[in-house]
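Asks:
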Amino acid sequence: SSKIKLCFYCLKRMLLGQVTCKIISVRSGEELPEKCRELALHFKTQGTPIMIGGGVLAYTLLGVDYNMASGDCAFLILDPHYTGKDDLKKIISGGWCGWKKAVDNKGRSFFLKDKFYNLLLPQRPNMV
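In structure tokens form, the structure reads like this:
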């Protein structure tokens with residue numbers, strides 16, 4: 001997606017080319033839970049937020065809760081479109097930041113089945 005390419009370009013420019021990024025692409029939102037183990041490893045080794053772009057959507061992934069035994073996965077999502085005051089209670093209660101299951105208890109998918117998604121995973125420089 002062009003949003004991911006723009007994020008990558010801006011990161012490189014702001015950090016004077018010191019940041020490298022890995023890109024993961026999936027053809028459908030249904031495929032994102034299959035990447036949970038890889039995303040958990042990213043947070044363990046890199047610890048950097050992941051930018052997600054898909055169709056007309058954009059999110060920031062702050063973490064994953066991955067159960068290796070069951071394969072269950074939840075995503076800690078921050079919606080970058082929030083423009084209100086820095087009121088944590090309002091941000092969380094309004095759903096702007098929180099844990100999202102790929103499919104909730106009512107069978108609704110958070111990530112859309114008919115949309116592709118690109119994930120930008122910034123890699124920390126070796127010296128950090």
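Okay, so the sequence shown: first residue is 1 according to UniProt numbering, each after it adds one.
Glycine is no exception: its CB is placed at the ideal position from the N, C-alpha and C atoms.
Note that the structure is a prediction, hence the values are computed from the model and not measured.
1) In the DSSP assignment, find the beta strand (DSSP E) that holds T45 and state where it starts and stops.
2) Please report the distance separating the alpha-carbon of C21 from that of Y59.
3) Per DSSP, T60 forms a beta bridge with which residues?
4) Find out if the Cβ-Cβ distance for the pair S28, K113 is shorter than 7 angstroms.
5) Please report how far the alpha carbon of V19 lies from the alpha carbon of P49, in whole angstroms.
6) Can you give me the C-alpha to C-alpha distance between N126 and L39, rounded to a whole angstrom?
7) Using a Cβ-Cβ cut-off of 8 angstroms (strictly less than) and excluding sequence neighbours within five positions of Q123, which residues of its own chain qualify?
Replies: Based on what the coordinates show:
1) Against the sequence shown, residue 45 aligns to sequence position 45. Note, T45: premise wrong, no beta strand (DSSP E); alpha helix (DSSP H) at 36-45.
2) For the purposes of this step, residue 21 is taken as the residue at position 21 of the sequence shown. For the purposes of this step, residue 59 is taken as the residue at position 59 of the sequence shown. Those two C-alpha atoms are separated by around 17 angstroms.
3) As a working note, residue 60 is residue 60 in the sequence shown. M51, L78, per the DSSP bridge assignment.
4) Stepping through the sequence shown from its first residue, residue 28 is reached at position 28. Stepping through the sequence shown from its first residue, residue 113 is reached at position 113. Cβ distance < 7 angstroms, so S28 and K113 count as in contact.
5) Position 19 of the sequence shown, counting from 1, holds the residue named residue 19. Position 49 of the sequence shown, counting from 1, holds the residue named residue 49. Those two C-alpha atoms are separated by around 13 angstroms.
6) For the purposes of this step, residue 126 is taken as residue 126 along the sequence shown, with counting starting at 1. For the purposes of this step, residue 39 is taken as residue 39 along the sequence shown, with counting starting at 1. In a straight line, the C-alpha of N126 is about 19 angstroms away from that of L39.
7) On the sequence shown, position 123 is the one that residue 123 refers to. So the qualifying residues of the chain are V19, T20, C21, K22, Q46, T48.
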